[in-house]
């Protein structure tokens, strides 16, 4: 579904991604782990073109997305993104946050968009917060709204960039539970995370990145239970 | 004591000059601000642009008009620019408003630019990741937030302009300060006319600052009575 070939990304003289090859299949949950600065967030941001790849190719459903002739905005409607800092729109209510893009981009009418929003809010357990503003919500609640907002565009893939890293510990579970539910429902997901428990439990495959390359990848049992590479072992011994 | 011996009747005798002065000051300021605001929005967006050919002229303009005194700009426009273009003067009103627009635009541009830049870049990323293009993201997400932050500095700029409009008196505009000058010239008394002029400016700036703080409150995120009531029922459904 997503195919990445020889992906390179550099910021000036700093090479962040040094040739990534990977393929993500439909309905698969892939967790990306690794130390800070390993390029895992950049990797994720390249998939919805928040960063422009320096070299290489990314295909979604066979369409090369980092091609000058591709409609970036169209691609992005099919790739949902959830950010570490939530990035909800503070001047809009929860409901408006969710309905804005479907109304504007998908040309949904107000009623349909709101029905969809209520359905999604129900799913993330925040129906009663529809008319609140983001700053009236806890971090965990905000992140769940952000997930609902991304889902409202009915994306084919959901990307999560350290979705629980900015949360107080007691709020991590509520967000992870929503993500687990999504995984069960068959959403294709790429999750950059430091939550090893989540990766072990939910991921179909785990990627360990370091120094801008994929050092090791495989099913979670293999990565966590029997890592082959020294660097993977060293990293896991620190975080587990 | 001479100071205690105020003769407010001379102000009253010349009340028509002061009333006309208030109108002229208000017209100069309001026209200068509205024109400056519209022009300033384009300059500010231009200075925010990554395109060099758009950025540099805007930056040059802003630096030029912020780096030179308004008084000098008024003289250049009134005595040099307008006569060169039209062959003769078009009067203090045209020159005055032109100078205030051109000057105000440079300051408004900086307010616009700073307002847009103060919005966290995650907001743009979130909007773009939902499929909005740059223009839609600006219109729906960045500018509404930036505008709220621009209200207080724009209010300050309006008040500054109101006071600075008194400089136009040097090209014989019959504004508030001009009325004071006429009175002082007639009676050779200086306390009353200039204190009266100061008081009038003070009253005007006070009213403006009240209006600004009302607008500020009106546009704050919390103030939204319509939304809080509407459709509450659906939440429980």
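Residue numbers (the working numbering), protein chains in the order written: chain A, 1 to 240; chain B, 1 to 237.
From the three backbone atoms N, C-alpha and C, an ideal C-beta is built for every residue, glycine too.
Note that the structure is a prediction, hence the values are computed from the model and not measured.
If you compare alpha carbons, which of the options is closest to residue i?
| i | options | result |
| --- | --- | --- |
| residue 219 of chain A | A/228, A/150, A/211, A/213 | A/228 |
| residue 121 of chain A | A/240, A/88, A/61, A/94 | A/94 |
| residue 16 of chain B | B/99, B/144, B/90, B/180 | B/180 |
| residue 37 of chain B | B/147, B/54, B/185, B/163 | B/147 |
| residue 19 of chain A | A/13, A/55, A/46, A/50 | A/55 |
| residue 105 of chain A | B/118, B/78, B/127, B/87 | B/127 |
| residue 168 of chain B | B/10, B/87, B/21 | B/21 |
| residue 77 of chain B | B/186, B/98, B/88, B/204 | B/98 |
| residue 32 of chain B | B/162, B/178, B/189 | B/162 |
| residue 219 of chain B | A/40, A/90, A/38 | A/90 |
| residue 124 of chain A | A/83, A/137, A/215, A/181 | A/181 |
| residue 173 of chain B | B/9, B/42, B/11, B/27 | B/27 |
| residue 171 of chain A | A/65, A/195, A/188, A/150 | A/195 |
| residue 224 of chain A | A/83, A/199, A/212 | A/199 |
Using the Cβ count rule (16 or more neighbours within 10 Å means buried), how would you classify residue i?
| i | result |
| --- | --- |
| residue 221 of chain A | exposed |
| residue 198 of chain B | exposed |
| residue 134 of chain B | exposed |
| residue 152 of chain A | buried |
| residue 118 of chain A | buried |
| residue 70 of chain B | buried |
| residue 19 of chain B | exposed |
| residue 175 of chain B | buried |
| residue 262 of chain B | The first residue shown for chain B is 1 and the last is 237, placing residue 262 of chain B beyond what the model contains. |
| residue 97 of chain A | buried |
| residue 131 of chain B | buried |
| residue 9 of chain A | buried |
| residue 225 of chain B | In this prediction, residue 225 of chain B has a pLDDT of 47, which is less than 50 and means its spatial position is unreliable; nothing more can be read from the coordinates. |
| residue 14 of chain A | exposed |
| residue 80 of chain B | exposed |
| residue 90 of chain B | exposed |
| residue 229 of chain B | Unreliable placement is indicated for residue 229 of chain B, whose pLDDT of 46 sits below 50; the coordinate value is still reported in the next sentence. Exposed, by the Cβ-count rule. |
| residue 14 of chain B | buried |
| residue 92 of chain B | buried |
| residue 201 of chain A | exposed |
| residue 236 of chain B | Unreliable placement is indicated for residue 236 of chain B, whose pLDDT of 49 sits below 50; the coordinate value is still reported in the next sentence. Exposed, since its Cβ has fewer than 16 Cβ neighbours within 10 Å. |
When DSSP labels each residue in this structure, what does residue i get in the three-state scheme?
| i | result |
| --- | --- |
| residue 5 of chain A | strand |
| residue 60 of chain A | strand |
| residue 47 of chain B | helix |
| residue 107 of chain A | coil |
| residue 241 of chain A | Only positions 1 to 240 of chain A appear in this structure, which leaves residue 241 of chain A out of reach. |
| residue 65 of chain A | coil |
| residue 153 of chain A | coil |
| residue 144 of chain A | helix |
| residue 310 of chain A | There is no way to answer for residue 310 of chain A, as the model of chain A reaches only from 1 to 240. |
| residue 147 of chain B | helix |
| residue 34 of chain A | coil |
| residue 131 of chain A | coil |
| residue 159 of chain A | strand |
| residue 125 of chain B | helix |
| residue 205 of chain A | strand |
| residue 77 of chain B | helix |
| residue 163 of chain B | helix |
| residue 119 of chain B | coil |
| residue 15 of chain A | strand |
| residue 92 of chain A | coil |
Our contact map puts residue i next to residue j with C-beta atoms below 8 angstroms; I'd like the distance itself, whole angstroms only.
| i | j | result |
| --- | --- | --- |
| residue 184 of chain A | residue 160 of chain A | With a Cβ gap of about 15 angstroms, residue 184 of chain A and residue 160 of chain A do not count as contacting. |
| residue 47 of chain A | residue 58 of chain A | 6 angstroms |
| residue 156 of chain A | residue 78 of chain A | 5 angstroms |
| residue 29 of chain B | residue 165 of chain B | 5 angstroms |
Can you list, in chain order, the residues of its chain whose CB lies under 7 angstroms from that of residue i, leaving out five sequence neighbours each side?
| i | result |
| --- | --- |
| residue 244 of chain B | The structure shown does not extend to residue 244 of chain B, since chain B spans only 1 to 237, so no value can be given for it. |
| residue 175 of chain A | 140, 143, 144, 163, 164, 167 |
| residue 203 of chain A | 29, 30, 31, 220 |
| residue 247 of chain A | Because chain A in this structure spans residues 1 to 240, residue 247 of chain A falls outside the shown range and cannot be described. |
| residue 110 of chain A | 103 |
| residue 200 of chain B | 18, 22, 176 |
| residue 215 of chain A | 208, 209, 229, 231, 232 |
| residue 24 of chain B | 173, 174, 175 |
Cutting at 8 angstroms between CB atoms, please list the residues of its own chain near residue i, excluding the five before and the five after it.
| i | result |
| --- | --- |
| residue 40 of chain B | 104, 105, 106, 107, 108, 109, 111, 112 |
| residue 235 of chain A | 33, 34, 35, 208, 210 |
| residue 85 of chain A | 166 |
| residue 64 of chain B | 106 |
| residue 190 of chain B | 184 |
| residue 73 of chain B | 65, 99, 102, 103 |
| residue 135 of chain A | 90 |
Can you give me the Cβ contacts of residue i inside the same chain, cut-off strictly under 6 angstroms, excluding the 5 residues immediately before and after it?
| i | result |
| --- | --- |
| residue 186 of chain A | 27 |
| residue 35 of chain B | 101 |
| residue 46 of chain B | 54, 58 |
| residue 2 of chain A | 24, 60 |
| residue 120 of chain B | none |
Residue i: beta carbon under 8 angstroms from a heavy atom of the ligand MN?
| i | result |
| --- | --- |
| residue 192 of chain A | Ligands in the displayed structure: none, and consequently the ligand MN is not present. |
Residues from the stretch 87–110 of chain A in contact with chain E, defined by Cβ distance under 8 angstroms: Any reference to chain E falls outside this structure, whose protein chains are A and B.
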